[in-house]
Amino acid sequence: MEVEYKINQTITADQFIGLLSKTSLGARRPIDQVETIDAMLANANLLVTAWQGGRLIGVARSVTDFAFCCYLSDIAVDESIQASGIGKTLIRMTKEALKPTCSLILLSAPQAVGYYPKIGFTQHNSAWVLTDIDDLK
Numbered sequence: 002m003e004v005e006y007k008i009n010q011t012i013t014a015d016q017f018i019g020l021l022s023k024t025s026l027g028a029r030r031p032i033d034q035v036e037t038i039d040a041m042l043a044n045a046n047l048l049v050t051a052w053q054g055g056r057l058i059g060v061a062r063s064v065t066d067f068a069f070c071c072y073l074s075d076i077a078v079d080e081s082i083q084a085s086g087i088g089k090t091l092i093r094m095t096k097e098a099l100k101p102t103c104s105l106i107l108l109s110a111p112q113a114v115g116y117y118p119k120i121g122f123t124q125h126n127s128a129w130v131l132t133d134i135d136d137l138k
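With the working numbering as the guide, the letters of the sequence shown map in order to residues 2 to 138.
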């Protein structure tokens, strides 16, 4: 069946949660918190989706200024159809929506660390994360 790709097509929290549940990313996303998922979707400013027969099968969700940097915060493809080029197409379409000099940045899921170098990403060794304000000194 053919895959249809869309840019900035609105999706529901239920659709996104359903897809995340079919990926390893579901374990690292708050799929039991619909309000958080709603906010994640509402505040993303670039969403590339893949559809097959009206069913959401892939998402690339980003926050970007479109000129300097783009944080690709979620790249998810239904595990039953991974390795078919859908993820790479979602990434390509994300990058094509940006100015040519805009860098695409992501934090890899542990299972995908080996994937990104294979498709052209270079590793950056100084990413930092702060999740709890009380940790700020």
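We put the beta carbon where it would ideally sit given N, CA and C, even for glycine.
Around the beta carbon of leucine 137, fewer than 16 other beta carbons lie within 10 angstroms, which makes this residue exposed. For valine 35, the uninterrupted alpha helix (DSSP H) segment begins and ends at 35 to 44. When the Cα atoms are used, glutamine 16 and leucine 26 turn out to be separated by approximately 14 Å. Cβ-Cβ separation between tyrosine 6 and threonine 65: approximately 18 Å, too far for a contact (criterion under 8 Å). Between cysteine 71 and the set Ala77, Ala61, Glu80, the nearest pair of CA atoms involves Ala61. Our two residues, arginine 29 and threonine 37, have alpha carbons roughly 13 Å apart in a direct line. Rounded to whole angstroms, the Cβ separation of valine 78 and threonine 13 is 18 Å, and the two are not in contact under 8 Å. By the CB criterion at 7 Å, leucine 20 and leucine 47 fall outside the cutoff.
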